[in-house]
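Below you'll find the structure, written out as structure tokens, and then a few comments.
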Amino acid sequence: MKFSEFIKDKLYLLLSGALTFVTIFLFLHAVHCNQQVITIVALLFWAFVFVMLAVEYLRRRVFYQNVRVILENLDQKYLLPEIVEAPQFIDGMIFYDAMQEISKDMLEHVNEYKYREEDYRNYIEMWVHEIKTPLAAAKLIIDNHDHEVTQSIAEELDKVENLVEQTLYYARSTTLEKDYLIKEMSLQPCVNKVIRHHAKEFIYRNIKVETAGLEETVYSDVKWLEFILNQIVSNALKYSESGGTIRIDTKKCEDALILSIADEGIGISLNDLSRIFDKGFTGHNGRNSEKATGMGLYLCKLLCDKLHLNIQAVSVEGQGTTIRITFPINTMLLLK
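Per my numbering, the very first residue in the sequence shown carries number 141; after that it's consecutive.
Now the structure itself:
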């Protein structure tokens with residue numbers, strides 16, 4: 141708060157004081173009061189006015205400067221009413237009480253939406269677990285009645301299973317920090333499990349898979365990493381031509397291990413490459429094939445961020461795409 145702004149706001153008091161002083165001055169002259177007395181009265185009057193204004197300015201300046209400093213340094217600005225101290229002047233107290241009421245009302249609304257979101261998430265998780273039973277039963281029936289038609293149905297069921305998994309992880313995306321455990325793990329079993337999951341599609345599409353250097357150990361969450369690799373391999377299969385090859389290997393750097401999943405598919409255009417991890421972005425390929433939801437790679441990026449991993453994509457249109465996941469070689473991640 142600037143002093144000039146304060147004086148401008150209190151201009152009506154100064155004008156009232158000036159009018160009062162003129163009235164007193166005229167009265168003292170009318171009663172033939174001594175000039176020295178008039179001077180003393182004038183000095184005392186204006187001293188009182190300016191002291192009163194200075195005290196009021198300082199009280200307000202300290203409070204509002206404190207509010208501004210706290211607000212500028214506060215990440216969660218809605219916590220301001222809980223931190224700032226109550227002022228000692230009436231208009232400041234009214235402002236402070238209003239902030240308290242607004243904060244209380246906001247928290248009630250936030251809690252209401254929080255409970256709704258939690259209820260919805262619980263329903264989605266329950267639905268996902270329930271839908272897995274008929275999917276598993278349908279796959280069992282298909283295994284017992286092996287036929288060209290049932291194999292086609294099995295492929296579609298695999299796609300449904302993948303979308304169901306995406307739904308589950310997306311529903312949990314706001315509370316992911318409660319659902320993972322970073323520990324030392326081997327890449328080989330994790331990658332093998334993902335490959336076995338897509339084995340039928342590899343065979344049906346006549347696509348080879350080559351692996352190398354997967355004996356390495358990393359620090360991650362097994363369940364989350366399987367989901368990430370499953371999404372990447374699923375995309376690689378989706379956009380690969382029959383007879384192609386998908387290569388999964390590792391490369392050691394100074395302080396990191398890079399896991400690469402490379403395909404020989406249709407690739408990604410340069411315009412789309414920087415946005416493939418954006419939520420809901422399908423790109424030119426996804427719009428053409430009508431197979432993409434734009435959620436798979438978005439969830440991969442979300443999970444990688446939580447796991448302190450770096451995920452990048454390199455692609456040449458018409459030649460293929462490589463997704464690289466970088467694992468820091470640092471046991472300190474276990475403490476996070």
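We treat Cβ as the ideally placed atom computed from N, Cα and C, and that holds for glycine.
- Taking a contact to require three or more Cβ pairs closer than 8 Å, the segment 276–288 and the segment 354–363 do not qualify as touching.
- With 16 or more neighbouring CB atoms inside 10 Å of its own CB, residue 402 falls in the buried class.
- Residue 258 carries a helical assignment under DSSP once its states are collapsed to helix, strand and coil.
- Taking C-beta atoms under 8 Å as the contact rule, residue 361 and residue 321 qualify, at a distance of about 6 Å.
- Here the segment 384–395 does not lie against the segment 434–445, with fewer than 3 beta-carbon pairs under 8 Å apart.
- With the rule of 3 Cβ pairs closer than 8 Å, the segment 194–213 does not count as touching the segment 155–164.
- The segment 169–183 and the segment 144–152 do not touch, with fewer than three beta-carbon pairs separated by less than 8 Å.
- The alpha-carbon separation between residue 449 and residue 229 amounts to approximately 53 Å.
- The Cβ-Cβ distance between residue 370 and residue 331 does not fall below 8 Å.
- In this chain, the beta strand (DSSP E) harbouring residue 348 covers 348–352.
- Assignment of alpha helix (DSSP H) within the segment 279–362, counting only whole runs of 4 or more residues, yields 288–311, 327–337, 339–344 in chain order.
- Residue 282 sits away from residue 273, with the two beta carbons spaced by 8 Å or more.
- The DSSP-derived three-state label of residue 466 is strand.
- By the criterion of a C-beta distance shorter than 8 Å, residue 217 is surrounded in its chain by 211, once the five residues flanking it on both sides are discounted.
- Boundaries cannot be given for residue 447, as no beta strand (DSSP E) includes it and DSSP labels it neither H nor E.
- Here residue 469 is not near residue 451, since their CB atoms are 8 Å or more apart.
- Per DSSP, the beta-bridge partners of residue 385 are 348.
- Distances from the alpha-carbon of residue 445 to those of 250, 183, 365, 199 put 365 closest.
- In the DSSP annotation of this structure, the continuous segment of the beta strand (DSSP E) that includes residue 398 starts and ends at 396–402.
- Excluding five sequence positions before and after residue 279, the CB atoms of its chain that fall closer than 8 Å to its own CB belong to 294, 297, given in chain order.
- Sixteen is the threshold: when 16 or more other Cβ atoms of the shown chains lie within 10 Å of the Cβ of residue 467, as they do, the residue is buried.
- In this chain, residue 174 is not harboured by any alpha helix (DSSP H), its DSSP state being neither H nor E.
- When DSSP states are grouped into helix, strand and coil, residue 422 belongs to the coil group.
- A straight-line Cα-Cα distance of about 12 Å links residue 242 and residue 250.
- Cβ neighbours of residue 416 within its own chain (closer than 7 Å, five residues either side excluded): 408, 423, 437, 453.
- Distance from residue 380 to residue 404 at the Cβ level is roughly 6 Å; contact confirmed, criterion being Cβ atoms closer than 8 Å.
- Secondary structure at residue 454: strand, using DSSP grouped into helix, strand and coil.
- Counting the other Cβ atoms within 10 Å of the Cβ of residue 378 gives 16 or more, which makes it buried.
- Here residue 346 is exposed, its C-beta having fewer than 16 other C-beta atoms within 10 Å.
- Taking residue 259 as reference, the option from 399, 368, 312 with the minimal CA-CA separation is 312.
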